[in-house]
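The sequence shown begins at 1081 in the working numbering and counts up one residue at a time. Quick notes on the structure that follows.
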Amino acid sequence: RAPKAPRKLPQVLDADEAVRLVELPTDAPLGLRDRALLELFYSSGLRLSELCALRWRDLDFASAMVLVHGKGNRERTVPVGSHALSALQAWRKDSGGSADAPVFPGRGGGAISQRAVQIRIRQLAQRQGLFKHVHPHMLRHSFASHILESSGDLRGVQELLGHADIATTQIYTHLDFQHLAKVYDAAHPRAKRRSPAEPD
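Rendered as structure tokens:
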């Protein structure tokens, strides 16, 4: 039996790139919606399907939490950061959505399509000067990587992402080690590569 191919590391935005992406001007058409959508993605690490399915009743503004309907009919409650909460409040005030309405409606009034979100995020990333191939799952990956980098709590990240198996979450530890290696190389006085003339 052939060994499994190694899993490809997820692509992430660094923290500065993520902030540049989500801090959209809100005076453009649909600016409030786009800002709320990006802030929530990065704040709470939702899957694209989960974000598209959200209704206003799933958001608890008082406790800053969102009820997420995940894979396999599993539900989880995830915190919403203060910037995302403010953006969502501004978008709700502007859109006037009822409790049962989609947070992000499409043209027909139903939930926005996943394809529409993918296209919009790519457009917004280019507008913000990010020329990586930015896609919705990259924001989820960035959320996970940045939380793990700050906290080191793999089990907590598993819960936030809604992974049934912690092995799925462990891919982010490889990203964290990459970051630590860069920090080490930049900061440690004896981390520089030795020249060939140096003895072992």
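For every residue, glycine included, the Cβ atom is placed at its ideal position computed from N, Cα and C. What you are looking at is a predicted structure, and each value in this text was computed from that prediction instead of being measured.
Can you tell me whether S1178 is buried or exposed, with buried defined as 16 or more other CB within 10 angstroms of its CB? exposed
In the structure shown, what three-state DSSP assignment does P1216 receive? helix
Taking the beta strand (DSSP E) that E1155 falls in, what are its first and last residues? 1155-1159
Is R1220 near the ligand GDP, judged by its Cβ being under 7 Å from some heavy atom? This structure lacks the ligand GDP; in fact it carries no ligand of any kind.
Could you tell me whether the Cβ atoms of R1281 and D1107 are closer together than 8 Å? Because residue 1281 is not part of the residues shown, which for the chain are 1081 to 1280, the question remains open.
Check whether the segment 1217-1225 touches the segment 1114-1132, counting contact only when three or more Cβ pairs, one atom from each stretch, lie closer than 8 Å. yes
Would you mind sorting D1114 into buried or exposed? The rule is 16 or more other CB atoms within 10 Å of its CB. buried
Going by DSSP, what residues sit across from A1191 in a beta bridge? P1185
In terms of DSSP beta bridges, what is V1148 paired with? R1156
Consult DSSP for T1140 and reduce its assignment to one of helix, strand or coil. A small correction: the amino acid at residue 1140 is Asp; Thr does not occupy that position in the sequence shown. Correct three-state label for D1140: strand.
Option in H1215, D1174, G1209 with minimal Cα separation from Q1194: H1215
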